[in-house]
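Trainee: Numbering (full-length UniProt numbering), first residue to last: 1 to 222.
Every residue gets a Cβ at the ideal spot worked out from N, C-alpha and C, and that includes glycine.
Have a look at this one before I ask anything.
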Amino acid sequence: MKKYMILLLCVVTVAVLITQWDTISELRSEDATVLADSLFDRYGYWMLLLTITLTIIQNVITIFPILIIITIHFLVFDVTTAFIATAIATTIGASVCYLLAKYAGQRFVERFWQKRQETANRVVELLTTYGVLMLIILRSLPFMPSNVISVAAAVTPMRTSTYMIGSALGNISMVWLLSLLVAPLWAESFTSYLISYIICITLLLLATTVAVLRKKRRSGSV
């Protein structure tokens with residue numbers, strides 16, 4: 001059953017890549033302002049279905065910067081819709097990549113590992129040592145490849161449910177940060193949005209610091 005699901009997923013991915021390659025090429029050009037107007041003129045609010053699908057694929061195969069999708073969403077939709085849609089899409093994409101690595105077999109993981117061995121090994125070490133809090137931190141960092149985190153998590157003892165929750169929280173933080181970077185494009189005033197992010201990320205960093213210190217104390221007492 002799992003093999004058929006993976007095969008179906010591959011077929012759908014290939015079909016989307018073929019039929020939407022022009023859109024993907026435009027996303028790779030990184031001209032989000034022009035593309036946002038173009039996509040909305042073509043699809044209206046249905047464009048959300050397209051951008052969410054492409055975001056899911058992007059979390060498995062990095063073919064364009066996720067910042068472009070975030071910018072488009074915040075330019076076209078209200079803040080709440082844009083935020084929720086992007087957070088859901090990135091979390092589904094991270095989950096799909098994780099499940100592929102966990103159930104597609106050793107060959108999939110080995111092929112992926114060969115290209116990113118040093119980074120992936122480091123991520124595995126961090127996740128194994130610090131667990132879900134480190135997963136949230138890594139997901140919060142825009143420069144960390146989502147697929148590397150997903151595949152690395154799949155080979156750790158972390159439970160699937162824990163991974164899903166951690167990825168969701170981390171992706172919320174990441175979307176929040178990247179939307180702030182492009183806030184001048186979609187908002188005249190975003191002070192409260194920025195302050196809320198600073199409060200949340202400060203609490204996250206404090207929780208992580210406490211967890212790391214506790215880990216070191218336990219290691220020192222052994």
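Would you say the beta carbon of residue 168 is closer than 7 Å to some non-hydrogen atom of the ligand SAM?
Mentor: This structure lacks the ligand SAM, and indeed carries no ligand of any kind.
Trainee: Would residue 96 pass as a contact of residue 123 if the rule is Cβ separation under 8 Å?
Mentor: Contact: no.
Trainee: Are there three or more Cβ pairs, one per stretch, closer than 8 Å when the stretch 127-137 is compared with the stretch 165-177?
Mentor: Flag = yes, the stretch 127-137 and the stretch 165-177 touch.
Trainee: Tell me whether the beta-carbon of residue 70 lies closer than 8 Å to the beta-carbon of residue 86.
Mentor: Yes; because the gap between Cβ atoms is below 8 Å, this pair is in contact.
Trainee: Do you know how far the Cα of residue 195 is from the Cα of residue 189?
Mentor: For residue 189 and residue 195, the distance between alpha carbons rounds to 12 Å.
Trainee: Can you tell me where the alpha helix (DSSP H) with residue 117 in it begins and where it stops?
Mentor: Element bounds for residue 117: 117-130.
Trainee: Which of the three DSSP states, helix, strand or coil, is assigned to residue 26?
Mentor: Correct three-state label for residue 26: helix.
Trainee: Identify the continuous alpha helix (DSSP H) that holds residue 42 and give its terminal residues.
Mentor: It spans 32-43 - the alpha helix (DSSP H) in which residue 42 sits, taken as one unbroken run.
Trainee: Please report the residue range of the alpha helix (DSSP H) in which residue 61 lies.
Mentor: Counting along the chain, residue 61 falls outside any alpha helix (DSSP H), and DSSP gives it neither H nor E.
Trainee: Quick check on this structure: which residue in 65, 42, 53 and 145 has the alpha carbon closest to the alpha carbon of residue 17?
Mentor: Per the Cα distances, 53.
Trainee: Relative to the C-alpha of residue 140, which residue among 157, 179, 155 and 154 is closest?
Mentor: Among 157, 179, 155 and 154, the Cα nearest to that of residue 140 belongs to 179.
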